[in-house]
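Visitor:
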């Protein structure tokens, strides 16, 4: 059986309740219905808007408060009780993308993308099943192993999932064999897509997402890039975005409020590569990103440009799979 090439990067602390409120007077956070979980632990993400040409990021502390349950949903939907305030946009985006999307997203022209290599049926049932149960009728595009079980294939076909087969390379060809600490990186233990052997799989998935989006010309509206193993859905995220007037080119999600960028996952790679401390800022999850087609493609382009820089400099070659999140946070907090 194929092995899972990913490591879970989320917090395993169970939040005390269900909805998210931002204390900043200039930001509004709402739960779009995406829940990230690690076995029995549920991690709720608060939302940050993203655009390149505005003010520097505002420090925002998120408090988890008890939410109101919307009872007529297949899965419980939690809404925060915050008042309406004008959102401010920040983050990683090409300059030619507008700050607000003028047209209404049509879910049938939206897409949820994820890399689900080596997963069994129950993971797909949780992820795909919960998303379809919200009424979402758009694209679900998943990268899977070339030899999945028949039960997986039957289920994905029944749920109208667009399957992309991902073959892993026999060996990664990551540029340079000496890492940031002067030691030889043993890339034989890494996973890289055969199509992109220069990129560890947590980087290479962004290249794959770009390919898949360019192949699926019917995806013209909202897009979500998300982890698969530890996520399920409570609402159609694109319907919720329209209802909440949150159709922005790029939206980034925070980890649990206790997770700060002083954590080694951000601090070690960024300090080594950039001689920069992201510091006591909120961790943004690279496994949950949402926006327009143009915004997401611009985000991927920016991330890949940074990957290409990191893999050619010894002090940036970090022997860990999760430094895509380090780069994700570095770019945001340096206004890239």
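Numbering (our numbering), first residue to last: 1226 to 1561. The beta carbon of each residue, even a glycine, is placed where N, CA and C say it ideally should be.
1. For residue 1329, does the count of other Cβ atoms within 10 angstroms reach 16, so buried, or fall short, so exposed?
2. For the beta strand (DSSP E) that contains residue 1447, what are its first and last residues?
3. Do the stretch 1332-1343 and the stretch 1432-1444 meet, that is, are 3 or more Cβ pairs less than 8 Å apart?
4. Mapping DSSP to helix, strand and coil, what is residue 1410?
5. Have a look at residue 1492 and residue 1379 and give me their C-alpha separation to the nearest angstrom.
6. What do you reckon, is the C-beta of residue 1544 under 8 Å from a heavy atom of the ligand COA?
7. Looking only at its chain, what residues have a beta carbon closer than 7 Å to the beta carbon of residue 1499, apart from the 5 residues adjacent to it on each side?
8. What alpha helix (DSSP H) runs, 4 residues minimum, are completely inside the stretch 1335-1362?
9. Going by the CB atoms, is the gap between residue 1453 and residue 1387 shorter than 9 Å?
10. Excluding the 5 residues flanking residue 1422 on each side, which residues of the same chain have their C-beta closer than 7 Å to its C-beta?
11. Given a threshold of 16 other Cβ atoms within 10 Å of its Cβ, counted over all protein chains shown, does residue 1390 qualify as buried or as exposed?
12. Tell me the start and end of each unbroken alpha helix (DSSP H) in the stretch 1428-1472 that is at least 4 residues and wholly inside, in chain order.
13. For residue 1296, name the three-state secondary structure that DSSP assigns.
14. Among 1559, 1538, 1512, whose alpha-carbon lies nearest the alpha-carbon of residue 1426?
15. Using the beta-carbon count (16 or more within 10 Å), is residue 1333 buried or exposed?
Guide: Taking the geometry as given:
1. exposed
2. 1447-1451
3. Output reads yes: the stretch 1432-1444 touches the stretch 1332-1343.
4. coil
5. 43 Å
6. For the ligand COA, the structure offers nothing, since it holds no ligand at all.
7. So the qualifying residues of the chain are 1555.
8. Here the runs fully enclosed are 1346-1349, 1355-1358.
9. no
10. 1394, 1397, 1398
11. Residue 1390 is exposed by the Cβ-count criterion.
12. Runs of the alpha helix (DSSP H) spanning 4 or more residues and lying entirely within the stretch 1428-1472 occur at 1462-1468, in chain order.
13. With a pLDDT of 27 at residue 1296, under the threshold of 50, the modelled position of that residue is not reliable, and the figure given next carries that caveat. If DSSP states are grouped into helix, strand and coil, residue 1296 belongs with coil.
14. 1512
15. exposed
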